[in-house]
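Student: Just so you know, we're using full-length UniProt numbering here: the sequence shown kicks off at 1 and counts up by one.
What follows is a structure written as structure tokens; I'll ask about it next.
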Amino acid sequence: MDEAMKLFTDMVSIGLRPNDVTYNTLIDGYCKKGRIKDGLALFEGILSKGVKPDAITYNLLLHGLFQSGRVIDAKELYLEMVKNGTCLDITTYGTVLNGLCKNNCVTDALGISKNLCSMGLELGIITFTIMIDALFDVGRKDDATTLFASISDNGLVPNVVTYSIVMKNLIQEEYRETVNLLPEKFHFLVKDGKG
């Protein structure tokens, strides 16, 4: 990263103006290297120069903040995006929901997902699967199975990963009374104890 920043400094010193792609590449690099503070400092530098970050910039920072466990900072950045009218896309919502779930803020994630659904935005099967897995992880089996049962109500079809997560958790927790939610062809996995 230090070499990349030196190159960036050299680029600016010869009069080349960085664009969104340049900044996003550097921020992404910092986040992937676990140097979120440096990524945020670069972001602040962008803002101080009057450059308006795009949704990709925010998504990279949100992901980096959640990855480093800085949930409060990620929530604040998300709220700032909403307040500033930043164009939020499905990637942004997926990043926020995923980050909240993986950091045990499932209630917040469920609240946001309900708001999104009420606004007519469609959540994909991957987002549902992440949320179901997170609900099981924090011991909210009833909510997880209810969310699983609601997938078809949202016009989606569970995929193999979704079924596997639900089956694994139902079997592990001996929560077999809910197995009737699964299609008939999957019952043999639970009855035989295989899988």
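Positions of the beta carbon are idealized from the N, C-alpha and C atoms, including for glycine.
These figures come from a predicted structure and were not determined experimentally.
#1: Considering only the alpha carbon of each residue, which of 127, 165, 170 lies closest to residue 156?
#2: Does the distance from the C-beta atom of residue 131 to that of residue 109 stay below 8 Å?
#3: Taking the Cβ atom as the reference point for each residue, do residue 26 and residue 4 lie within a distance shorter than 8 Å?
#4: For the alpha helix (DSSP H) holding residue 86, just list the boundary residues, first then last.
#5: Should residue 87 go down as buried or exposed, given a rule of 16 or more other Cβ atoms within 10 Å for buried?
#6: Which of helix, strand or coil does DSSP assign to residue 48?
#7: Helix, strand or coil: how does DSSP classify residue 104 here?
#8: Within 10 angstroms of its Cβ, does residue 202 collect 16 or more other Cβ (buried), or is it exposed?
#9: How would you write the range of the alpha helix (DSSP H) that residue 131 sits in, first residue to last?
#10: Please report the residue range of the alpha helix (DSSP H) in which residue 166 lies.
#11: Can you tell me which of the three DSSP states residue 80 falls into?
#12: Where residue 104 and residue 67 are concerned, what is the direct C-alpha to C-alpha distance, given to the nearest angstrom?
#13: Between residue 10 and residue 17, what straight-line distance do the alpha-carbon atoms span, to the nearest angstrom?
#14: Taking the alpha helix (DSSP H) that residue 143 falls in, what are its first and last residues?
#15: When the Cα atoms are used, what is the spatial distance from residue 195 to residue 136?
#16: Please state whether the Cβ-Cβ distance between residue 93 and residue 77 is less than 8 Å.
#17: So for residue 96, helix, strand or coil by DSSP?
#18: Could you work out which residue in 54, 98, 90 is closest to residue 74 when comparing CA atoms only?
#19: To the nearest angstrom, report how far apart residue 30 and residue 115 are at their CA atoms.
#20: For residue 166, does the count of other Cβ atoms within 10 angstroms reach 16, so buried, or fall short, so exposed?
Tutor: Checking against the coordinates, here is how it stands:
#1: 127
#2: yes
#3: yes
#4: Unbroken run through residue 86: none, as it is neither H nor E.
#5: exposed
#6: helix
#7: coil
#8: This structure cannot settle anything about residue 202, because the visible part of the chain is limited to 1 through 195.
#9: 125 to 137
#10: 160 to 172
#11: helix
#12: 12 Å
#13: 11 Å
#14: 141 to 149
#15: Confidence is the limiting factor: at residue 195 the pLDDT is only 49, short of 50, which leaves the residue's position unreliable, though a coordinate-based value still follows. Their backbone Cα atoms lie some 18 Å apart in a straight line.
#16: no
#17: helix
#18: 98
#19: 32 Å
#20: buried
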